[in-house]
Amino acid sequence: MPTTIASAVVGRAARLLQDHEYVRWTQPEMLDWLIDGQREAALINPSLYVITGPLTLAAGTLQRLPDDGKALLDVPRNENGYAVTRIARKALDAQVPDWHRPARAKTKVLHFCLSGDDATTFYVYPPSPGGNVVTAVYEAIPPALLLGDSIALDDSYVSALVDYLMYRAYEKDSEYAPENAGFAALHRAAFNALVKGTAPATVSPT
0 MPTTIASAVV GRAARLLQDH EYVRWTQPEM LDWLIDGQRE AALINPSLYV ITGPLTLAAG
60 TLQRLPDDGK ALLDVPRNEN GYAVTRIARK ALDAQVPDWH RPARAKTKVL HFCLSGDDAT
120 TFYVYPPSPG GNVVTAVYEA IPPALLLGDS IALDDSYVSA LVDYLMYRAY EKDSEYAPEN
180 AGFAALHRAA FNALVKGTAP ATVSPT
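In structure tokens:
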């Protein structure tokens with residue numbers, strides 16, 4: 000559970016940039032970059048932000064993740080504790096050709112299957128009457144933040160997020176100070192490496 004608040008990440012970057020009063024780079028601007036950084040991190044490594052929680056089903060077989068959902072990973076159980084298993088849609092089509100019929104609706108889900116190209120939708124069997132609840136596990140989009148909110152990523156990624164803020168700050172100034180383009184590239188590389196977990200990232204002193 001993350002405990003670091005957004006203002007602490009922004010403050011660390013401001014100190015490294017020697018802009019303690021947020022004159023060159025404002026707090027709202029850096030907060031926007033922090034939101035962007037979390038979302039880019041989750042695009043590069045989707046496992047960084049996965050939600051496990053209750054999902055209320057719509058009537059029928061076709062279901063959709065919440066608005067912040069990117070890709071379904073699992074539907075392990077019904078709210079009442081009964082397990083749900085993944086099944087191939089072709090198997091249902093072959094064994095129960097009319098499995099989408101509303102008349103088959105039950106409140107206990109037995110199986111789920113992915114819908115195809117759209118990772119935000121899936122099917123359940125039997126069809127839902129609507130309103131019953133399952134536990135869903137899915138990759139999600141990190142939310143917007145206020146300065147007093149906790150970050151969405153694990154605290155171990157604070158350094159990566161600081162690198163992202165440094166990258167954006169130096170990128171902004173690279174037009175007026177060409178050497179900053181190099182600093183921006185170094186911090187971007189450090190961010191990428193930390194998020195991917197590929198190697199310890201080192202950044203030259205700024």
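0 is the number of the first residue of the sequence shown in numbering that gives the first Met the number 0; add one for each residue after it.
All C-beta atoms in this analysis are idealised placements derived from N, C-alpha and C, irrespective of residue type, glycine included.
Selected residue, minimal CA-CA separation from residue i, among the options
{"i": "Tyr-122", "options": "Asn-44, Arg-23 and Gly-59", "result": "Gly-59"}
{"i": "Ile-34", "options": "Ile-4, Glu-78 and Leu-56", "result": "Ile-4"}
{"i": "Pro-53", "options": "Arg-76, Ala-12 and Leu-61", "result": "Arg-76"}
{"i": "Asp-31", "options": "Arg-14, Val-9, Leu-61 and Ile-50", "result": "Val-9"}
{"i": "Ile-140", "options": "Thr-106, Thr-119 and Asp-172", "result": "Thr-119"}
{"i": "Gly-36", "options": "Pro-177, Thr-197, Pro-142 and Ala-180", "result": "Pro-142"}
{"i": "Ala-184", "options": "Tyr-156, Gly-196, Thr-197 and Tyr-163", "result": "Tyr-163"}
{"i": "Gly-130", "options": "Ala-57, Ala-12 and Arg-38", "result": "Ala-57"}
{"i": "Arg-100", "options": "Asp-116, Leu-61, Leu-146 and Asp-148", "result": "Leu-61"}
{"i": "Leu-113", "options": "Lys-105, Thr-84 and Val-132", "result": "Thr-84"}
{"i": "Leu-72", "options": "Tyr-48, Ala-93, Lys-89 and Arg-11", "result": "Tyr-48"}
{"i": "Leu-146", "options": "Glu-78, Asp-18 and Gln-26", "result": "Gln-26"}
{"i": "Met-29", "options": "Ser-6, Phe-111, Arg-38 and Glu-178", "result": "Ser-6"}
The alpha helix (DSSP H) enclosing residue i, as first and last residue numbers
{"i": "Leu-91", "result": "88-94"}
{"i": "Lys-171", "result": "157-172"}
{"i": "Gly-36", "result": "26-43"}
Assigned secondary structure, residue i (DSSP; H/G/I helix, E/B strand, else coil)
{"i": "Val-133", "result": "strand"}
{"i": "Ala-13", "result": "helix"}
{"i": "Thr-205", "result": "Confidence at Thr-205 is low in this model, with a pLDDT of 44, below 50, so its placement is unreliable and no value can be given for it."}
{"i": "Arg-63", "result": "strand"}
{"i": "Ala-139", "result": "strand"}
{"i": "Ala-151", "result": "coil"}
{"i": "Lys-105", "result": "coil"}
{"i": "Ala-82", "result": "strand"}
{"i": "Val-123", "result": "strand"}
Where the beta strand (DSSP E) containing residue i begins and where it ends
{"i": "Asp-73", "result": "68-77"}
{"i": "Ser-114", "result": "No beta strand (DSSP E) holds Ser-114; DSSP gives it neither H nor E."}
{"i": "Val-49", "result": "49-55"}
{"i": "Arg-187", "result": "From DSSP, Arg-187 is part of no beta strand (DSSP E) but of the alpha helix (DSSP H) over 178-195."}
Environment of residue i [buried if 16+ CB atoms lie within 10 Å]
{"i": "Ser-46", "result": "exposed"}
{"i": "Ile-150", "result": "buried"}
{"i": "Trp-24", "result": "buried"}
{"i": "Tyr-138", "result": "It is worth fixing the name first, because residue 138 is Glu in this sequence and not Tyr. Counting Cβ neighbours within 10 Å, Glu-138 comes out buried, since at least 16 surround it."}
{"i": "Ser-127", "result": "buried"}
{"i": "Met-0", "result": "exposed"}
Contact set for residue i: own chain, Cβ-Cβ below 6 Å, skip 5 residues either direction
{"i": "Trp-98", "result": "Leu-91 and Tyr-124"}
{"i": "Val-194", "result": "Ala-40, Ile-43, Asn-44 and Ala-159"}
{"i": "Arg-187", "result": "Tyr-166"}
{"i": "Leu-16", "result": "Ala-168"}
7 Å CB neighbourhood of residue i in its chain, flanking five on each side removed
{"i": "Gly-80", "result": "none"}
{"i": "Gly-68", "result": "Thr-119, Tyr-137 and Ala-139"}
{"i": "Ser-203", "result": "For Ser-203, the predicted model reports a pLDDT of 44, less than 50, meaning its position is unreliable; a value from the coordinates is still stated below. So the list reads Leu-185, once near-sequence residues are dropped."}
Residue i Cβ short of 6 Å to the ligand MG heavy atom set
{"i": "Gln-17", "result": "Questions concerning the ligand MG fall outside what the structure shown contains, since it holds no ligand whatsoever."}
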